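Undergrad:
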Amino acid sequence: MPAPLIHIESSPSLPREADVVVIGGGVVGVFTAYYLARRGISVALLEKGRVAAEQSSRNWGWCR
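According to my numbering, the sequence shown is numbered sequentially starting from -15.
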């Protein structure tokens, strides 16, 4: 059963500059971008598809 997904708005254009660019919107990429942004760092998160819709949505490594 696939994970329930919600639509996350994204910008059709890239920012002119960012302190950090995170490539990949999986669990690790999203939380990296989140915690950097909380510290006041300008972050651009790049994902080719939907955020958390690739392997992160099917990762059962935590379920033992």
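For every residue, glycine included, the Cβ atom is placed at its ideal position computed from N, Cα and C.
No experiment lies behind these values; they were computed from the predicted model shown.
1. Please state the DSSP three-state secondary structure of residue 21.
2. In the DSSP assignment, find the unbroken beta strand (DSSP E) run with residue 4 in it and report its ends.
3. At a cut of 8 Å, does the segment 10 to 23 reach the segment -5 to 2 through at least three beta carbon pairs?
4. Residues bridged to residue 30 by DSSP?
TA: By the coordinates alone:
1. helix
2. 4 to 7
3. no
4. 7
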